[in-house]
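Trainee: Please find one structure pasted underneath; my questions will follow.
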Amino acid sequence: MSTTTAGGTANADGAAPLDGATVEVIRNYLVSVGEQMRRTLVRAAFNPVIYEVLDFGISIYDGDLELMAEAAGITSFLGANDHAIVKGVEYVGKENLAPGDVYLLNYPYWSGAHSYDAMLFSPVFRDGRDEPAAYLAVRAHWMDLGAKSPGYVLDSTDMHQEGLIFPGTRIVHQGEVVRDIVELIRFNSRLPDLTIGDFHAQLAALRTGENRLAQVWDKFGGEVVDQAVKQIIEHGERVARKAVAALPDGTWTAFDYCDDDGITDDLIRMEVKVTIDGDRMEVDFNGSDGAVLGPVNLPIGATESLAKSTFKELTTPDEPSNAGHYRALTIKADPGNFFHAVYPSATFTQWSGIVAFELIHKALSGVLDSIPASSGGDEPGFMALGHDPRTGEDFVISNNEGIGWGAGRDRDGANAQQHPSQSVVRNTPIEVLEHKSTIFHERLELIPDSGGAGRYRGGVGVLREVRYLAEGEVLSMKKKSKTRPWALNGGLEPEPSGMTLWPGTDREKRVGMYRATMRADDRFVNRTAGGGGYGDPLDRDAAAVVADVMDGYVTVEAAEREYGLIVAPDGSHHETPARAERRRTQPPADRHDT
Amino acid sequence: MTSSHRTRLAVDIGGTFVDAIAYDEVTGELRLHKAPTTPDAPAQGVLDAVGGLADRLDDVEAFVHGTTLGLNAILQRRGADVGIITNAGFRDLLEIARANVPGQYMYDFAYAPPPPLVPRRHRTGVPGRIDAQGAEVEPLDEDAVREAGRVLVEEHGLRSVAICFLHSYAEPAHERRAAQILREAYPDVSISVSTDISREYREYERTSTATLDAYIRPVLSDYIGALEERLGDAGLAHPLHIMRSGGGAMTAELARSAPLMTVLSGPAGGVVGASFLARELGRDVISFDVGGTSVDCCVIEGGSPGEVHEAAIDGFPMLIPIFDIRTVGAGGGSIAWMDHGLLKVGPQSAGAVPGPVAYGAGGTEPTVTDVALVLGYLDPAAFLGGDMSIDANAARAAVAEKLAGPLGVDVTRAAASVLRVLLARTVGALREITVERALDPREFALLAFGGAGPLLGPMLAREMGITETIVPQVPAAFSAFGMLMSDLEYEFATTVLKPLSDGTLAELEPAFADLENQGEEVLSLQGVKPEDRTLVRRLDVRYRGQEHTLGIDLRPGDDAAAILERFHELHRARYGHAMPDGGQILTLRVRAVGVLPKPGLRTLSGSGTGTPEPVGSRPAFDVATGDTVTFPVYERASLAPGHAVPGPAIVEEGTSTTVIFSDQRLTVDVHGHLLVSSPETAQ
């Protein structure tokens, strides 16, 4: 199965090519339309998963459903709507689309996301033509659509436990909101006000997009804009292909593990085979395990997004996305594979996509020395649910936690930074969490020795200790707690992430993805993984080891054990026999040490 | 300067030049003098610039100064070595930060942030804890504070310490006590307390705020002390005022105790000046400030510029009030280049060295300045008042080779395209600011200033369907002019997080009164008479569950229903919908203004009728027709109120050039502003 790039040429009217300045001017206007939609959504949104976690994707398509411009909320939502818009238009039927209509789609196998990610899309008409000249799509995470458990679903076994499904349902008809549909949502949601508030924020973003797109057409002329879009996409393709052509040719395979599916304890093997051939790249996930019972299966749309993200990093990281950027990329995953969920596979907990995010990197790490070791490999956050006796209200809060990033060929990894698949998301301030819930923080610190040791050290992870002031629930969110993130060239692998419930009591328990009831005074400790190390730790510059010890990123014990350096409190140091031996055998030209 | 004149002075330090501007309160004359920036002894540059306007400062009624010293100390990492004292178990808050990667690095999977300003070994925690309701959960361990001070000051030798505790916005007692202990033990060490600067929630942002304050405090304190002394020697009898980032000024004494408020004062001057003109002229304006590497825009509606309450330098956040200025990273020095067939402008800049190709200093890539020469907008012979030799042919050759050839168009069209691309990005930025406020930019006038603002302003106005562009007097030094028009201002805020109800309003009355008392106190310390003080109360309100707030100014007699109604209205106007919900108050704010005596906008005595005589003419590119035509050239000094000039035309003054196209028309208003009107266009 390859990426869908709907066929047909952008223009049948054979307009003359535009000069590269006019195209660039129009490109700027189109990118700005997406940006204005994004601002409208973020400013009007009600739930923090949109305005803080940036769980949204905004896309503008031409009349042939080719991506003209987009404003992704987070990295891995790149092209998130590309698969969905094709499926949605196909389901509704192009001939049934009318001006002022808006459709709602969250059927996961089409939307490429779980059921709470609701995509609204609208056709935009021009010049009285009866076919849309463009389409707008705004996808955003809704707080509740009536799935089997409140907050987040960790153990569904088919789609029907994951909430109300809309396959492309008309929710606005010729400019009027269809009350019946909105009421259906209201009566099926545990958090109807937030959900409907966010629906209106998405509508506002669509309206902004429609107005601004019409202005661009008025200003330049619709056909000129169509021609410019054609050239913008050709340009995207040219730049991306050139970047791929500069990469070495060959085929490389890598695999990694996702913890389990939430139902059994079995590791899930995820494999990718990457082939670069001239100016084309193919990523093939078919070597991976098949579909699993629990909710970690990935719809093909999600698989495409994660593959596109790494492809973009390698080819056009600084350019706003368009369809041309991905024409050199082919993505393969057969229906029924872990990476291509089909009805009725459960898909709610797509943490598996986060764990799979660096797989393509891993496959290419042997041949591209710019690739760093693995990050902590997961988004190991948590959610807390409960009832606040002080306000008499229920709460649901969440926090994305930083991890260490992998070390590279010439530098240490970053400390405590969000996973690369959603690096722009911010953690939630303690002062906000404690205001909105009944949790109380005892500690939030970096973890010494958590970064994978190496000539360049992986970044360190974070420890958070929380006490519940009243009864509630905690959801530990992580799918890479059983296997270590990978290192490179003799660097060491860090400890994986994990949560310890009820530490220091006879109930103490280490968990990965898990839901637990907490009583007043119960505590949890959440630990996030550091990044993988790069190169032999015995080759690390002595001054860097000493500085790490002085700052407490590395303990005195680890300095001796892993780096072969015995560091005194005043910073003076001497080496162990192992390090001395390494120095004797290692050619000095490749060393930074003294 | 003779003693019969009363003069107001403003001095603005930029990257390469110090601008000093003198306003004669009797004649209304504005005079400008530029001197080179002296990074190693910044006070010297200020004195050099002032020295070009006056030998003695005895007649100076007001002296306002905008300084980038704090900003540069942060950008160049030349601030103090700082220690941090926070809660035990939380010493890494500054480094964990919000754990996010800046948006522009979204697809960089090897990103690493700049190292924290304070290394881990200089961050320490002490027992003691306040909860979210402001209640003490654990008392402050005072011995631990003393020990932390001993380690930071005596062992590590630090001279500046920042203190920030969790939930101190709700109850600052622990922070205040810790500061008191340290000040007693180490009277010479500079102490920055988070809640002295901001009473808003979010611990990382508040810690970062206190840390930045501690980082620049010693540097700024020394500088202001030195400057005050030397200005005093030169005869300055009135207090030195320092520009704030969020508009208004404060006394030098207050600036030394709140240095962070000065860090982004440079662009603030332009916005204050634009707001002043907007009020005087009764227009809503968009300020358009074009410098060498950036375009800064701000929307000024009803005479008030947009404001935000958080800013960042190099990714380090600060909870300080600041104007909502949006920046496009391209200006006069930006390089135009071909990217696989598409024309791009910036983000690379030729800077001062090598500079544009036309400077002949080794630059080989065509810049925005080069294309302005090629298009005939700038006169090579009179560049920067004739102080600089310019090679227009080299600029033309570079545009021909690097741009026109690959684009397949002639040199003129290639050059014009560079400006179109630059302006397309600016249009995007302006639409993004206005969409957030549900405003239509066509209802605004464009106020163009900065070195290249008047050159690009009328062109941008045509592009956006804005019908009027205003070019103020001495546009290249308009930021300094704005500083002349500043009042003393200060803002006090506190996070509350309460439902909007009459009960809450009554409950918050003491908190509001407390903020007002702080405002009164600060104004009184700065010598403002009671009749010149204004205090404005404002609530930041949102729907429960929403993150973003809207600011609602309070009116006498407001109850919760009236406030909620205005909030619903504003929300509907901004976002197209309102919710049937109640509101939540996030923050109380009080803005304290001490009105300074300052001149109104003077009406000029001179008058002109008809069209004045041009001093020359030259061929230049007319974007209205797409042809190169003859542009009559006028000297600004020869234009008087009442003059009208049909486009095309070029108006020159020492450091700026205004370009008017054939479908535009220039008039001069009674204050001497150039008004460029464009035809209305559907957009």
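Note that the protein sequences, when read in sequence, are chains A and B. Read in this note's numbering, the first sequence has 604 at position 585, and its numbers run on one by one without any break. Read in this note's numbering, the second sequence has 665 at position 595, and its numbers run on one by one without any break. Note that the Cβ used here is the ideal one computed from N, Cα and C, for glycine as well.
Is the beta carbon of residue 70/A less than 8 Å from the beta carbon of residue 618/B?
Mentor: Residue 70/A sits at position 51 when you count from the first residue of the first sequence. Residue 618/B sits at position 548 when you count from the first residue of the second sequence. Yes, they are a contact pair.
Trainee: Could I get the ranges of all uninterrupted alpha helix (DSSP H) runs contained in the region 628-713 of chain B, with 4 residues as the minimum, in chain order?
Mentor: 630-645
Trainee: Under a CB-based cut-off of 8 Å, is residue 753/B close to chain A?
Mentor: As a position in the second sequence, residue 753/B is number 683, starting the count at 1. Low local confidence applies: a pLDDT of 45 at residue 753/B is under 50, so the model's placement there is unreliable, with the coordinate-based value given in what follows. Yes, because at least one Cβ of chain A sits closer than 8 Å to the Cβ of residue 753/B.
Trainee: Using C-beta distances below 6 Å, list every residue in its chain close to residue 416/A, excluding the 5 sequence neighbours before and after it, in chain order.
Mentor: Counting from 1 along the first sequence, the entry for residue 416/A is found at position 397. Once the five neighbours on either side are set aside, the close Cβ partners of residue 416/A are 403, 452, 455, 456.
Trainee: Can you tell me whether residue 538/A is buried or exposed, with buried defined as 16 or more other CB within 10 angstroms of its CB?
Mentor: Start at 1 with the first residue of the first sequence, and residue 538/A comes out as number 519. Flag for residue 538/A reads exposed.
Trainee: Does residue 51/A have its Cβ less than 8 Å from a Cβ in chain B?
Mentor: What you label residue 51/A is simply residue 32 of the first sequence in a count that begins at 1. By this cut-off, residue 51/A is an interface position.
Trainee: Pick from 100/B, 439/B, 265/B, 309/B: whose alpha carbon is nearest that of residue 133/B?
Mentor: Locating residue 133/B in the second sequence gives position 63, counting from the first residue. Answer by Cα proximity: 309/B.
Trainee: DSSP state of residue 276/B, grouped into three classes?
Mentor: Taking the first residue of the second sequence as 1, we reach residue 276/B at position 206. Three-state DSSP puts residue 276/B in a helix.
Trainee: For a cutoff of 8 Å on Cβ pairs, would you count residue 79/B as touching chain A?
Mentor: Locating residue 79/B in the second sequence gives position 9, counting from the first residue. No, its Cβ sits nowhere closer than 8 Å to a Cβ of chain A.
Trainee: Do residue 692/B and residue 685/B count as a contact pair if the criterion is CB distance below 8 Å?
Mentor: Looking up residue 685/B in the second sequence gives position 615. Looking up residue 692/B in the second sequence gives position 622. No, Cβ-Cβ distance for residue 685/B and residue 692/B is not below 8 Å.
Trainee: For the region 168-196 of chain B, which residues have a beta carbon sitting closer than 7 Å to at least one beta carbon of chain A?
Mentor: Residues 168, 169, 170, 171, 173, 176, 177, 178, 179, 180, 181, 182, 183, 189, 190, 191.
Trainee: Please give the ranges of any alpha helix (DSSP H) in the region 231-312 of chain B, keeping only runs that are unbroken, at least 4 residues long and fully inside the region.
Mentor: 243-255, 264-267, 273-303
Trainee: Got a sec, what are the start and stop residues for the beta strand (DSSP E) residue 563/B sits in?
Mentor: The residue labelled residue 563/B in the question sits at position 493 within the second sequence. Taken as a continuous stretch (DSSP letters only), the beta strand (DSSP E) holding residue 563/B covers 558-569.
Trainee: Taking the alpha carbon of residue 204/B as the point to measure from, which residue in 193/B, 240/B, 231/B, 176/B has its own alpha carbon closest?
Mentor: Reading the second sequence from its first residue, position 134 is the one you call residue 204/B. Residue 240/B is the option with its Cα nearest to residue 204/B.
Trainee: Looking at residue 279/B: is its Cβ nearer than 8 Å to the Cβ of residue 267/B?
Mentor: What you label residue 279/B is simply residue 209 of the second sequence in a count that begins at 1. What you label residue 267/B is simply residue 197 of the second sequence in a count that begins at 1. Yes, the pair counts as a contact, with Cβ atoms nearer than the cut-off.
Trainee: Kindly indicate which three-state DSSP category residue 532/A falls into: helix, strand or coil?
Mentor: Residue numbering aside, residue 532/A sits at position 513 when the first sequence is read from its first letter. Residue state, collapsed to three classes: coil.
Trainee: With 16 other CB atoms within 10 Å as the buried threshold, where does residue 362/A fall?
Mentor: Here the question's residue 362/A lines up with position 343 in the first sequence. Answer is exposed; the Cβ neighbour count stays below 16.
Trainee: How big is the Cα-Cα spacing for residue 565/B and residue 164/B?
Mentor: Here residue 565/B corresponds to residue number 495 of the second sequence, with the count starting at 1. Here residue 164/B corresponds to residue number 94 of the second sequence, with the count starting at 1. Looking at the two C-alpha atoms, the distance is approximately 21 Å.
Trainee: Say whether chain A places a C-beta atom closer than 8 Å to the C-beta of residue 72/B.
Mentor: Mapped onto the second sequence, residue 72/B falls at position 2. Note that residue 72/B has pLDDT 42, beneath the 50 cutoff, so the model's placement of it is unreliable and the number below is only indicative. Judged by the 8 Å Cβ criterion, residue 72/B is not in contact with chain A.
Trainee: Sort 216/B, 215/B, 391/B by Cα distance to residue 333/B and report the nearest one.
Mentor: As a position in the second sequence, residue 333/B is number 263, starting the count at 1. If we check each option's Cα against that of residue 333/B, 391/B comes out closest.
Trainee: Check this for me: beta carbons of residue 120/A and residue 191/A, under 8 Å apart or not?
Mentor: If you number the first sequence from 1, residue 120/A lands on position 101. If you number the first sequence from 1, residue 191/A lands on position 172. The answer is yes: Cβ separation under 8 Å.
Trainee: State buried or exposed for residue 595/B, treating a residue as buried only when at least 16 other CB atoms are found within 10 Å of its CB.
Mentor: Position 525 of the second sequence, counted from the first residue, corresponds to residue 595/B. Answer is exposed; the Cβ neighbour count stays below 16.
Trainee: Against chain A, does residue 374/B count as a neighbour if the rule is that its beta carbon must be under 8 Å from one of theirs?
Mentor: What you label residue 374/B is simply residue 304 of the second sequence in a count that begins at 1. False, the Cβ-Cβ gap to chain A never drops below 8 Å.
Trainee: Per DSSP, residue 320/B forms a beta bridge with which residues?
Mentor: The residue given as residue 320/B occupies position 250 in the second sequence. For residue 320/B, which the question treats as bridged, DSSP gives the partners 312/B.
Trainee: Taking three-plus beta-carbon pairs below 8 Å as touching, is the region 299-313 of chain A in contact with the region 77-93 of chain A?
Mentor: No: fewer than three Cβ pairs fall under 8 Å.
Trainee: Hey, how far is the Cα of residue 260/B from the Cα of residue 230/B?
Mentor: If you number the second sequence from 1, residue 260/B lands on position 190. If you number the second sequence from 1, residue 230/B lands on position 160. The alpha-carbon atoms of residue 260/B and residue 230/B are separated by roughly 5 Å.
Trainee: Between which two residues does the beta strand (DSSP E) carrying residue 405/A extend?
Mentor: Here the question's residue 405/A lines up with position 386 in the first sequence. Run containing residue 405/A: 401-407, per the beta strand (DSSP E) assignment.
Trainee: Between the region 97-117 of chain A and the region 150-157 of chain A, do three or more beta carbon pairs fall short of 8 Å?
Mentor: yes
Trainee: Which word fits residue 267/A, buried or exposed, when buried means at least 16 other C-beta atoms lie within 10 angstroms of its C-beta?
Mentor: As a working note, residue 267/A is residue 248 in the first sequence. It counts as exposed.
Trainee: Given a cut-off of 8 Å on the beta-carbon distance, is the pair residue 255/B and residue 193/B in contact?
Mentor: As a position in the second sequence, residue 255/B is number 185, starting the count at 1. As a position in the second sequence, residue 193/B is number 123, starting the count at 1. Going by C-beta atoms, residue 255/B is not nearer than 8 Å to residue 193/B.
Trainee: If we count the other Cβ atoms within 10 Å of its Cβ and call it buried at 16 or more, is residue 206/B buried or exposed?
Mentor: Here residue 206/B is taken as the residue at index 136 of the second sequence, counted from 1. Exposed: under 16 other Cβ atoms inside 10 Å.
Trainee: Does DSSP put residue 483/B in a helix, a strand or coil?
Mentor: Along the second sequence, one-based indexing puts residue 483/B at 413. DSSP places residue 483/B in helix when its eight states are reduced to three.
Trainee: Who are the Cβ neighbours of residue 459/A in its own chain at under 8 Å, not counting the five residues just before and after it?
Mentor: Within the first sequence, the letter at position 440 stands for residue 459/A. If we look at residue 459/A and ignore the five residues flanking it on each side, its Cβ neighbours are 453, 485, 486, 487, 488.
Trainee: How far does the alpha helix (DSSP H) with residue 226/A in it extend, from its first residue to its last?
Mentor: Looking up residue 226/A in the first sequence gives position 207. From DSSP, the alpha helix (DSSP H) with residue 226/A extends over 211-239.
Trainee: Is it the case that the Cβ atoms of residue 553/A and residue 391/A are separated by a distance below 8 Å?
Mentor: Within the first sequence, residue 553/A is the residue found at index 534, counting from 1. Within the first sequence, residue 391/A is the residue found at index 372, counting from 1. Cβ atoms of residue 553/A and residue 391/A: closer than 8 Å.
Trainee: Name, please, each residue of chain B whose Cβ falls closer than 7 Å to the Cβ of residue 227/A.
Mentor: By one-based count along the first sequence, residue 227/A stands at place 208. In chain order: 505.
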